[in-house]
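Going by my numbering, the sequence shown opens with residue 673, and the numbers climb by one from there. Encoded as structure tokens, the structure appears first; notes follow it.
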Amino acid sequence: MGLSVGFDTPMVTATEDVPIENVEGSKRPRVQTSPPGFSGSSYLHGALVQIDTDNININFTKVSDLIDESTNTWKASLIQSIFRPDQAEKILCIPLPSHVQHDSLFWRYDQSGIYSVKSGYRCLTDSSFAPCTTTAPIRLPSQRLYLSLWSLDLPAKIKIACWRFCNNYIPTAINLINRRVNVSPLCTLCTNEPETLEHIIKECTFSKQVFSVLHLDFSLVSAENRWLQWLSHLFEQFSESERILFVLTIWALWFYRNRKLHENYNQSPKDLAGFVQCYLMDIKASYESHGLQFGHPIVHLQPPPVGTVKTNFDAGFNSSNKSSVSGIIIRDSEGLVLASSTYPNNFISDPEVAEARACEQTVALTAELGFR
Ligand SMILES: [Zn+2]
């Protein structure tokens, strides 16, 4: 059963299971009736601020708690005890449906309740509307880690793989089991321990041997640190070349892990370390062939001005099977990643088409995310 409320202008909609939130840093709760991204809007007709109260009661956290289900009416005395008199009055003035209804979504910035491009544009350009933040910046424990990662002279796919590791966006066995996928919990590389992200990098005997061959020493950073903290400290301890080698090795370990799992491909730690070193030499040679000095790029990507985002894209083209992969990263003024995506494409005739396809997908992604 739901509650839909229409005011003269603009339209405001509330649903029964809308939470009453605690405002950070204060004891006053607010009734959150706006969709994500529109926080800070007014909720009651004529009110310029969010609903608040000094008499917080954690037993009542949803709008539905304020409604008597048997009579489908507001619990007047409860509302009057929680909210300020003027706000309580406004709440009690909201008509409730006389019969059971399913919850519905309404676009609050149009009288019809239906979203249109025109009303969306008006909302975004009219300063009298509530500020619209389409994506909240991701506040991560260590911004320096990410800034350092994105500045490395490595192909985007490798840095994105490392970024996914940082954020535990990797389908390790334990992550899959947590999502109710029926797989063996054991690490594919050593087959001894549960396969978690931290195991693969910090504890796995196979990985340890690979890192040892490559002279990557983690002993300067306490293994007791939490994952992101550990990575951040490691990045600070490592030199630029060690960071590059470390990120490349993470990518190679996961790449090999997948080949071993799905293709029964086997390699010794020494062979894998050799692959990493060869790959690094290839990247260096590629830089030099383009007149660039590896490890000291001539052009660094500059973050966009405050209040704007910057989208970078690139495409990799495979001429043998006429396929491509587009990679897209959207960053804010602090260089933090707001969104990233990769798209595989088939039936691509040449590198120019691959780039054009990546450009098209970038425009579609940014539009889909609500950036303009
Ligand atoms: Zn292992």
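For every residue, glycine included, the Cβ atom is placed at its ideal position computed from N, Cα and C. Nothing here was measured: the structure is a model prediction, and the numbers come from that model.
Listed in chain order, the alpha helix (DSSP H) runs fully inside the region 729 to 797 are 748 to 754, 757 to 764 and 789 to 797, counting runs of at least 4 residues.
Residue 924 and residue 948 have their C-alpha atoms some 7 Å from each other. Taken from the Cβ of residue 871, at least one heavy atom of ligand 1 lies inside 7 Å. Distances from the alpha-carbon of residue 1005 to those of 981, 887 and 962 put 981 closest.
Non-local beta-carbon contacts of residue 1012 in its own chain, meaning distances under 8 Å to residues more than five positions away in sequence, involve 832, 835, 999, 1000, 1001 and 1002 in chain order.
Apart from sequence neighbours up to five positions away, the residues of its chain that approach residue 885 with a beta-carbon distance below 6 Å are 942 and 945, ordered along the chain.
For residue 982, the uninterrupted beta strand (DSSP E) segment begins and ends at 982 to 990. In this structure, the CA atom of residue 760 is about 5 Å from the CA atom of residue 752. Apart from the 5 residues on each side of it in sequence, residue 745 sits with its Cβ closer than 8 Å to the Cβ of 739 and 768 in its chain, given in chain order.
Cα atoms of residue 779 and residue 792: separation of roughly 9 Å, rounded to the nearest angstrom. Ligand 1 never approaches residue 848 closely enough for any of its heavy atoms to be under 7 Å from the residue's Cβ. Within the same chain, 982, 1003, 1004, 1005, 1006 and 1007 come within 8 Å of residue 975 by CB-CB distance, once the 5 residues on both sides are set aside. In the DSSP assignment, residue 1003 falls outside any alpha helix (DSSP H) and lies within the beta strand (DSSP E) extending over 995 to 1003. With 16 or more other CB atoms across the displayed protein chains lying within 10 angstroms of its CB, residue 735 is buried. If one requires a minimum length of 4 residues, the alpha helix (DSSP H) runs lying completely within the region 882 to 938 are 899 to 909 and 912 to 935, in chain order. Around the beta carbon of residue 912, a 10 Å sphere encloses fewer than 16 other beta carbons of the protein chains shown; the residue is thus reported as exposed. In the three-state reduction of the DSSP assignment, residue 1023 falls in the helix class. In this structure the region 876 to 885 does not touch the region 838 to 849; the number of beta carbon pairs closer than 8 Å is below three. A residue is listed when its beta-carbon falls short of 5 Å from at least one non-hydrogen atom of ligand 1; in chain order these are 859, 861, 862 and 876. As DSSP reads the structure, residue 1011 sits in a beta bridge with 1002. Per the C-alpha coordinates, the member of 826, 819 and 839 positioned closest to residue 957 is 826.
Here residue 765 is exposed: its Cβ has fewer than 16 other Cβ atoms, across all protein chains shown, within 10 Å.
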